[in-house]
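Note that the UniProt record's numbering has the sequence shown beginning at 1, numbered continuously upward. Backbone N, C-alpha and C define an ideal beta-carbon position, used for all residues, glycine too.
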Amino acid sequence: MKRSVMRKSLGFTLVELLVVIAIIGVLVGLLLPAVQAAREAARRMQCSNNMKQLGLALQNYHSAYQQFPPGSADFYGYSYGNRRNVGASIFLLPFIEKGALYDAFEQEAKTAIPGSGFWQSETLLNAGPQSAFLCPSAQNADGTEYNGLSKCLYVFCIGDAMWHNAKSDSEEGMAIARINSRSMFVPMTNGDRNNLRRFRDLLDGTSNTLAMSEVAGTPRDLAFVKGDVASFNGMYDGTTAVAGPCMTAPLDPNNRFQYQTGADCWRGLLFGDGRVINTRFTTTLPPNSYSCAYAGNNDSWGSFSPSSEHQGGVQTLMFDGAVRFVTDSIDSGNLNARQVTSGESPYGVWGAMGTKSGRETASLD
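Structure, rendered in structure tokens:
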């Protein structure tokens with residue numbers, strides 16, 4: 001009799017192959033969130049480093065001029081349409097190794113920029129993205145938006161001042177804006193530096209006062225709650241501004257993450273712009289909450305919250321150069337209180353961090 005010989009299979013069966021594929025899929029599913037978290041941690045660290053460099057630039061600016069840069073300004077010779085549109089970010093350029101760009105812009109600003117807006121500056125349009133002012137976690141992190149002009153995602157604090165924080169074309173309006181500016185970045189006109197702030201004005205202390213924060217830089221025309229602005233006139237009570245009603249700005253009935261009526265502007269849209277709605281922020285409503293423009297345009301006053309793509313809060317820069325992460329749940333006090341022009345902020349710890357001389361005792365510690 002012949003003995004039958006059984007041949008041993010050298011390959012995988014279909015079942016074994018499917019099991020291996022399933023195991024690989026499970027491992028990828030488990031590892032992917034960890035990889036994404038590690039990448040975001042790296043981006044957040046880079047964001048912190050960017051802010052530290054801007055903090056150093058602010059310190060060096062003060063060392064050079066014995067004062068901090070204006071929140072908004074015009075260059076001598078500016079046309080009327082460009083008055084007080086130039087922001088603090090422009091003045092920091094020489095202190096972040098961009099002196100040549102500053103010199104070129106200053107020369108152009110005195111002679112050639114159209115009266116309808118300095119953002120038509122060929123110098124700035126050709127300069128491309130300004131990485132020093134871009135958070136790597138932000139959407140569209142390559143940093144260009146309006147006709148190729150760089151975004152400005154690191155924004156300057158004006159404290160809890162809402163009413164008259166917009167651009168004003170009258171000397172009376174300028175005086176009100178200076179009085180109501182509760183932080184260190186005040187408007188300047190015709191090159192008059194006498195009203196600009198100095199370290200000696202920081203009565204609350206450098207470690208207790210906010211200099212800068214960030215905005216998410218969400219895409220144009222979408223009016224996202226995080227990173228954009230609602231057109232909403234419900235904050236005026238007949239006398240002054242109240243922050244709380246901004247939280248009732250209507251949302252899109254089909255998308256609760258978007259405003260029903262967005263303002264004709266976007267946070268962080270125009271690099272170098274000095275108007276509050278674009279490159280500054282208020283410490284009234286907490287981080288990553290609503291932002292509202294009273295008239296819905298670039299020159300509007302309002303409440304403008306910082307925002308970010310970091311989980312649970314925003315990065316902030318203090319005047320001592322420290323970078324601190326502030327959570328969305330920070331104490332914001334009484335949001336239905338009227339804006340004040342002196343003394344303690346009614347907006348809790350968040351409001352206190354924005355004032356330069358409120359004499360508050362609240363702090364993050």
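- As a beta-bridge residue in DSSP terms, residue 87 pairs with 72.
- The alpha-carbon of residue 342 is positioned some 10 Å away from that of residue 161.
- Contact check for residue 283 against residue 350 passes: the beta carbons are separated by less than 8 Å.
- For residue 255, the secondary structure class from DSSP, reduced to helix, strand or coil, is strand.
- With respect to residue 320, residue 206 sits close: the two C-beta atoms are nearer than 8 Å.
- In the displayed model, residue 95 falls within a helix according to three-state DSSP.
- Beyond the five residues adjoining it in sequence on each side, residue 334 comes within less than 6 Å, by CB distance, of 346 in the same chain, given in chain order.
- Per DSSP, reduced to three states, the secondary structure at residue 157 is strand.
- In this model, residue 229 and residue 279 are separated by some 13 Å (Cα to Cα).
- Put simply, of 273, 253, 297, 290 the residue whose alpha carbon is nearest the alpha carbon of residue 263 is 297.
- Beyond the five residues adjoining it in sequence on each side, residue 322 comes within less than 7 Å, by CB distance, of 207 in the same chain, given in chain order.
- The C-beta distance from residue 159 to residue 327 rounds to 20 Å, too long to meet the 8 Å contact threshold.
- Each residue's CA atom was taken as its position, placing residue 309 and residue 286 some 15 Å apart.
- Taking C-alpha positions only, residue 352 is separated from residue 69 by approximately 22 Å.
- For the options 49, 163, 104, 186, the alpha carbon positioned closest to that of residue 135 is the one of 49.
- In the DSSP assignment, residue 250 forms no beta bridge with any residue.
- Beta bridge pairing from DSSP links residue 236 with 241.
- Shown here, residue 281 sits in a strand according to DSSP, grouped into three states.
- Out of 55, 292, 20, the CA that lies nearest to the CA of residue 163 is found in 292.
- Taking a contact as a CB-CB distance under 8 Å, the pair residue 189 and residue 74 counts as one, their CB atoms being some 6 Å apart.
- From the listed residues 269, 360, 303, the smallest Cα separation to residue 138 is found for 269.
- DSSP places residue 186 in the coil class of the three-state scheme, outside both helix and strand.
- The Cβ atoms of residue 212 and residue 197 lie no closer than 8 Å to each other.
- Residue 304 and residue 267 do touch by the CB rule: their CB atoms are close to 7 Å apart, below 8 Å.
- Within the same chain, Cβ atoms closer than 6 Å to the Cβ of residue 337 are found at 346, the five residues on either side in sequence being excluded.
- In the three-state scheme derived from DSSP, where H, G and I count as helix and E and B as strand, residue 292 is classed as strand.
- Considering only 17, 317, 51, the residue with the shortest C-alpha distance to residue 132 is 51.
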